[in-house]
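First up is the structure itself, then whatever we jot down about it.
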Amino acid sequence: MPTVAAEPHPVTTPAQTTLVLRVLTVATFVVILNETIMNNAIPRLMDDFGVQATTAQWLTTSFLLTMAVVIPMTGWIMQRLAIRRTFALAMGLFAVGTTVAALAPAFEVLVAARVVQATGTAVMIPLLMTTLMNLVPAADRGRTMGNVSLVIAVAPAMGPAVSGLLLRVGSWRLIFLTVLPIALVALWVGLRQLPEIGEREDSALDLLSVVLATIGFGGLVYGLSGLGGGGHTTEGGPAPEPLVDPAMAAGVAALALIAFVWRQRALVGRGDPLMDLRTLRHRSFTGAFVTMCLGFAALISTLILLPMHLQDGLGLSTLEAGLLLIPGGLAMGLLGPTIGRLYDRVGARPLVVPGSIGLTLSLALLTILVPSVGPWTILALHVLLSLSLSLLFTPLFTAGLGALPQHLYAHGSALLGSSQQVFGAAGTATSIAVMALVAGSDPSTAELAKGARAGFALLTALAAVTIATCLFVSTPEEDAAAEGEALAPEDSRVTR
4 MPTVAAEPHP VTTPAQTTLV LRVLTVATFV VILNETIMNN AIPRLMDDFG
54 VQATTAQWLT TSFLLTMAVV IPMTGWIMQR LAIRRTFALA MGLFAVGTTV
104 AALAPAFEVL VAARVVQATG TAVMIPLLMT TLMNLVPAAD RGRTMGNVSL
154 VIAVAPAMGP AVSGLLLRVG SWRLIFLTVL PIALVALWVG LRQLPEIGER
204 EDSALDLLSV VLATIGFGGL VYGLSGLGGG GHTTEGGPAP EPLVDPAMAA
254 GVAALALIAF VWRQRALVGR GDPLMDLRTL RHRSFTGAFV TMCLGFAALI
304 STLILLPMHL QDGLGLSTLE AGLLLIPGGL AMGLLGPTIG RLYDRVGARP
354 LVVPGSIGLT LSLALLTILV PSVGPWTILA LHVLLSLSLS LLFTPLFTAG
404 LGALPQHLYA HGSALLGSSQ QVFGAAGTAT SIAVMALVAG SDPSTAELAK
454 GARAGFALLT ALAAVTIATC LFVSTPEEDA AAEGEALAPE DSRVTR
């Protein structure tokens with residue numbers, strides 16, 4: 004049984020489609036913004052709560068990790084609730100989490116609130132992507148996905164800039180107090196305007212798969228975050244010992260992920276898999292999947308490394324660090340629709356190959372130059388990085404999901420979304436840990452720069468892999484794909 008209706012809803016009109024996508028896109032922008040909105044506030048939170056960098060980064064890592072755990076369940080949620088009720092659930096959870104975060108009296112409460120926020124965010128992303136793939140005609144998907152990339156790419160890129168502006172005028176709590184009314188208005192508009200599109204069906208949620216995914220993804224990121232070890236709090240005392248040995252957690256996570264894969268394969272024949280891994284049989288989807296995950300890891304990790312280096316290494320204020328990242332975010336967003344139209348004309352490879360090369364080059368230059376250059380050079384390199392990612396994200400989403408049969412759209416979008424968050428969380432945790440290891444427990448400005456350099460070196464190595472994986476991405480010839488899908492899904496793709 005598919006996780007959402009395989010065919011577009013028969014009563015959906017073009018006007019309804021436009022309305023649905025507009026509401027979902029605006030709401031998704033608001034919730035995705037919160038993936039990185041706390042990055043610029045980390046130095047202040049370290050002082051306010053007396054925690055070290057490897058602990059403070061859990062404000063971002065826990066957000067991404069929660070999304071990774073929840074996103075695989077979104078197919079089941081959409082099947083049970085349809086679009087309107089799923090939207091209400093997602094935005095309601097996000098609003099509750101934002102309220103608790105604004106009032107949080109302790110760091111642990113703030114992290115818990117971020118988890119609730121992330122649960123709502125996790126539902127919104129595949130809801131938007133699956134709805135788009137089901138309602139938008141194939142010939143228009145590149146253009147539409149280009150517009151959606153304003154959300155997927157620009158929101159996390161703008162997070163540090165927005166928080167930098169807010170931190171200049173008030174407490175870190177102002178970040179949540181600013182977002183809350185926007186989320187409430189989006190919820191109100193959605194409940195009033197969204198039609199009830201989609202078929203509600205009863206289906207079982209495999210709890211064993213949920214447990215295995217939680218242990219696997221959670222243990223993996225927890226183990227990676229412990230690489231930094233040791234260190235000191237901002238009050239000068241030694242950092243607390245972890246409750247669970249990170250190496251042991253990573254080992255248990257590996258076993259859980261193996262069991263998770265086995266369970267999903269077994270459920271294909273016996274019931275509804277939580278995540279249908281048959282999507283990975285499609286070569287183009289797999290290439291897009293790996294490239295997207297590595298690119299997202301580079302984006303999220305850079306957006307936490309750069310603010311820390313700009314503030315701790317170069318002495319910039321939170322506002323100055325935030326403003327420095329705005330041009331890159333704007334460049335990524337403004338180029339999105341253009342990239343979407345180019346995809347419709349020339350296909351995926353002419354865009355993703357230079358995108359992966361530019362991504363690797365920009366990170367390599369950051370690795371080489373970070374210890375010795377000022378903020379203007381970093382701004383230029385961040386813009387190059389953002390432009391390169393804009394060449395990747397829209398074609399990868401469109402070509403990757405377009406390579407799948409329609410009944411696998413929901414599973415493909417869930418797999419892409421969940422794995423992006425795992426890679427983003429793992430990349431953030433690992434790069435911060437590497438930076439902490441190199442910088443030492445009592446770092447000087449020079450040591451902090453060396454730590455940032457080591458973090459960017461790791462990201463450069465990951466980006467270099469995308470130069471190879473993006474070559475597997477091809478553009479489905481839509482008419483041939485649609486005609487051949489029912490006859491031979493595995494063999495019906497013509498590429499350009």
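For the sequence shown, the tail end lands on 499 under this note's numbering, and the numbers increase by one without skipping. C-beta: ideal position from N, C-alpha, C; glycine also.
Which of helix, strand or coil does DSSP assign to residue i?
{"i": "Gln55", "result": "coil"}
{"i": "Trp61", "result": "helix"}
{"i": "Ile307", "result": "helix"}
{"i": "Ile40", "result": "coil"}
{"i": "Asp209", "result": "coil"}
{"i": "Met278", "result": "coil"}
{"i": "Gln19", "result": "helix"}
{"i": "His285", "result": "coil"}
{"i": "Gly173", "result": "coil"}
{"i": "Gly100", "result": "helix"}
{"i": "Leu462", "result": "helix"}
{"i": "Leu366", "result": "helix"}
{"i": "Gly336", "result": "helix"}
{"i": "Val2", "result": "This structure cannot speak to residue 2, because the chain is shown only from 4 to 499."}
{"i": "Leu302", "result": "helix"}
{"i": "Ser166", "result": "helix"}
{"i": "Ala93", "result": "helix"}
{"i": "Leu197", "result": "coil"}
{"i": "Gly358", "result": "helix"}
{"i": "Pro479", "result": "coil"}
{"i": "Val182", "result": "helix"}
{"i": "Gly233", "result": "Caution applies to Gly233, whose pLDDT of 43 falls short of 50 and renders its modelled position unreliable; the model cannot decide the point."}
{"i": "Gly331", "result": "helix"}
{"i": "Gly78", "result": "helix"}
{"i": "Gly318", "result": "coil"}
{"i": "Pro353", "result": "helix"}
What is the residue span of the alpha helix (DSSP H) that residue i lies within?
{"i": "Met127", "result": "Phe110 to Leu138"}
{"i": "Leu419", "result": "Tyr412 to Ala442"}
{"i": "Met251", "result": "Pro249 to Arg273"}
{"i": "Ile74", "result": "Unbroken run through Ile74: none, as it is neither H nor E."}
{"i": "His312", "result": "Unbroken run through His312: none, as it is neither H nor E."}
{"i": "Ser389", "result": "Pro378 to Gly405"}
Please tell me whether residue i and residue j are closer than 7 Å, where the distance is taken between their beta carbons.
{"i": "Val182", "j": "Thr101", "result": "yes"}
{"i": "Thr370", "j": "Phe299", "result": "no"}
{"i": "Phe90", "j": "Gln120", "result": "no"}
{"i": "Leu384", "j": "Ser359", "result": "no"}
{"i": "Leu399", "j": "Ala467", "result": "no"}
{"i": "Asn43", "j": "Pro310", "result": "yes"}
{"i": "Ala428", "j": "Leu67", "result": "yes"}
{"i": "Ala259", "j": "Ile218", "result": "yes"}
{"i": "Thr397", "j": "Ile342", "result": "yes"}
{"i": "Thr472", "j": "Val293", "result": "yes"}
{"i": "Thr321", "j": "Gly167", "result": "yes"}
{"i": "Leu404", "j": "Gly420", "result": "no"}
{"i": "Thr64", "j": "Thr448", "result": "no"}
{"i": "Ala406", "j": "His285", "result": "yes"}
{"i": "Leu451", "j": "Ala464", "result": "no"}
{"i": "Leu2", "j": "Ala262", "result": "Nothing can be reported for residue 2, as the shown portion of the chain is limited to 4 through 499."}
Taking the beta carbon of residue i as the centre, do at least 16 other beta carbons fall within 10 Å, making it buried, or is it exposed?
{"i": "Gln196", "result": "exposed"}
{"i": "Leu208", "result": "exposed"}
{"i": "Asp279", "result": "buried"}
{"i": "Gly193", "result": "buried"}
{"i": "Pro241", "result": "Note that Pro241 has pLDDT 47, beneath the 50 cutoff, so the model's placement of it is unreliable and no number is given."}
{"i": "Leu338", "result": "buried"}
{"i": "Arg456", "result": "buried"}
{"i": "Gly272", "result": "exposed"}
{"i": "Gly222", "result": "buried"}
{"i": "Glu111", "result": "exposed"}
{"i": "Gly149", "result": "buried"}
{"i": "Trp61", "result": "buried"}
{"i": "Val172", "result": "exposed"}
{"i": "Arg146", "result": "buried"}
{"i": "Gly316", "result": "buried"}
{"i": "Trp175", "result": "buried"}
{"i": "Thr21", "result": "exposed"}
{"i": "Ala436", "result": "buried"}
Using a Cβ-Cβ cut-off of 7 Å, state whether residue i counts as contacting chain C.
{"i": "Ala71", "result": "In the structure shown, chain C does not exist; there is a single protein chain."}
Is residue i close to the ligand SAH? I mean its beta-carbon at under 6 Å from any heavy atom of the ligand.
{"i": "Met438", "result": "Although the ligand SAH was asked about, the structure shown includes no ligands whatsoever."}
Segment contact flag, the region 389 to 398 with the region 327 to 345, C-beta cutoff 8 Å, min 3 pairs: yes
Contact the region 101 to 119 vs the region 171 to 185: 3+ CB pairs below 8 Å: yes
Any 3 or more C-beta pairs closer than 8 Å across the region 279 to 299 and the region 13 to 33: no
Any 3 or more C-beta pairs closer than 8 Å across the region 323 to 330 and the region 157 to 175: Contact between the region 323 to 330 and the region 157 to 175 is present, because at least three Cβ pairs lie under 8 Å.
Touching by the beta-carbon criterion (3+ pairs, under 8 Å), the region 346 to 363 and the region 66 to 86: A contact is defined here as three or more CB-CB pairs under 8 Å, and the region 346 to 363 fails this definition with respect to the region 66 to 86.
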